[in-house]
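A short worksheet on the structure shown next.
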Amino acid sequence: MNQAIDANKIKPVVDHVYSFEEASKAFDTLKAGKHFGKVCIEI
855 MNQAIDANKI
865 KPVVDHVYSF
875 EEASKAFDTL
885 KAGKHFGKVC
895 IEI
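Residues in the sequence shown are numbered consecutively from 855, following my numbering.
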């Protein structure tokens with residue numbers, strides 16, 4: 855799988871990056887289905 859990702863230059867779609875302090879907002883976004891792609895929490 856990793857070889858296929860590297861060979862095809864596949865990158866994940868990141869919808870939004872939240873700070874650690876905004877973690878509850880990130881989870882609200884996930885629960886509401888308001889995202890397209892990954893929702894990340896930066897620590």
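In this text, a Cβ means the ideal position worked out from N, Cα and C, and glycines have one as well.
What's the call for A880, buried or exposed, on a 16-neighbour Cβ count within 10 Å?
buried
Looking only at its own chain, which residues have a Cβ that is under 6 angstroms from the Cβ of V871, when we skip the five neighbours before and after it?
C894, E896
I need the boundaries of the beta strand (DSSP E) containing I859, first residue and last residue.
First-last for I859: 856-862, but that is the alpha helix (DSSP H), not the beta strand (DSSP E).
Name the two residues that bound the continuous alpha helix (DSSP H) containing K799.
The first residue shown for the chain is 855 and the last is 897, placing residue 799 beyond what the model contains.
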